[in-house]
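Here the structure comes first, spelled out in structure tokens, and everything after it is commentary.
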Amino acid sequence: MEQDVLRLTSSLALYIQLGLINLKEIKDLPQPLTVPQEKSLAHDENKLIACVDDNPRMCQLMKDIIAEAGHQFLGINDSSKIIPLCFIHQPNLIFIDLEMLGIDSWKVCRKLRNSKALQQRPIIVLVGQKGVWEPLHNKISGSSAFISKPLSKEDILDTILQHLP
Numbered sequence: 635m636e637q638d639v640l641r642l643t644s645s646l647a648l649y650i651q652l653g654l655i656n657l658k659e660i661k662d663l664p665q666p667l668t669v670p671q672e673k674s675l676a677h678d679e680n681k682l683i684a685c686v687d688d689n690p691r692m693c694q695l696m697k698d699i700i701a702e703a704g705h706q707f708l709g710i711n712d713s714s715k716i717i718p719l720c721f722i723h724q725p726n727l728i729f730i731d732l733e734m735l736g737i738d739s740w741k742v743c744r745k746l747r748n749s750k751a752l753q754q755r756p757i758i759v760l761v762g763q764k765g766v767w768e769p770l771h772n773k774i775s776g777s778s779a780f781i782s783k784p785l786s787k788e789d790i791l792d793t794i795l796q797h798l799p
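Written out as structure tokens, the structure is:
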């Protein structure tokens, strides 16, 4: 939840004292960001491009276009796996949907940008409608650019050419 534990606990204290909330001891959960020992998908002969989107049709569209252009594709539909999979596979370019359920895409972008391994990688934000706030968010989050939906094959290929050496 990325909230201050002390603030969260103190806000619940009254409800616990009144008996409206009962606490139950549970075993520790496994660490959420344990990095599995997987082999990276990246190869020298072509680039690995990731698409982070909870819409399977969008990922399939991106996969078809990216594969046709001769690059490898990494589709990430599960918001809890974005950071670990990007650290493991270190894609050369990352497309991320702004309106994914359950995540703050700008925050994910900042986390990727703050990691040494991925800070130089282009991150392209996919937005439903262009607004005056996108350039500001790009600056704050560290994203490289944004593309408005609906996406066209030309938009995707132009973006790949522009951001990959």
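Numbering (my numbering), first residue to last: 635 to 799.
Note that the Cβ used here is the ideal one computed from N, Cα and C, for glycine as well.
- Counted as a single uninterrupted DSSP element, the beta strand (DSSP E) harbouring I758 occupies residues I757 to V761.
- Around the C-beta of N726, 16 or more other C-beta atoms lie within 10 Å, and the residue is accordingly described as buried.
- Look at I794 here: in three-state DSSP terms it is helix.
- Taken through DSSP and simplified to helix, strand or coil, L682 comes out as strand.
- A buried status is given to Q706, since no fewer than 16 other beta-carbon atoms sit within 10 Å of its beta-carbon.
- With a minimum length of 4 residues, the unbroken runs of alpha helix (DSSP H) contained wholly in the segment 700–742 fall at 716–723.
- Proximity to I710 across R744, Q724 and K658 peaks at Q724, based on C-alpha coordinates.
- Going by DSSP, A779 is part of no alpha helix (DSSP H) but of the beta strand (DSSP E) stretching over A779 to S782.
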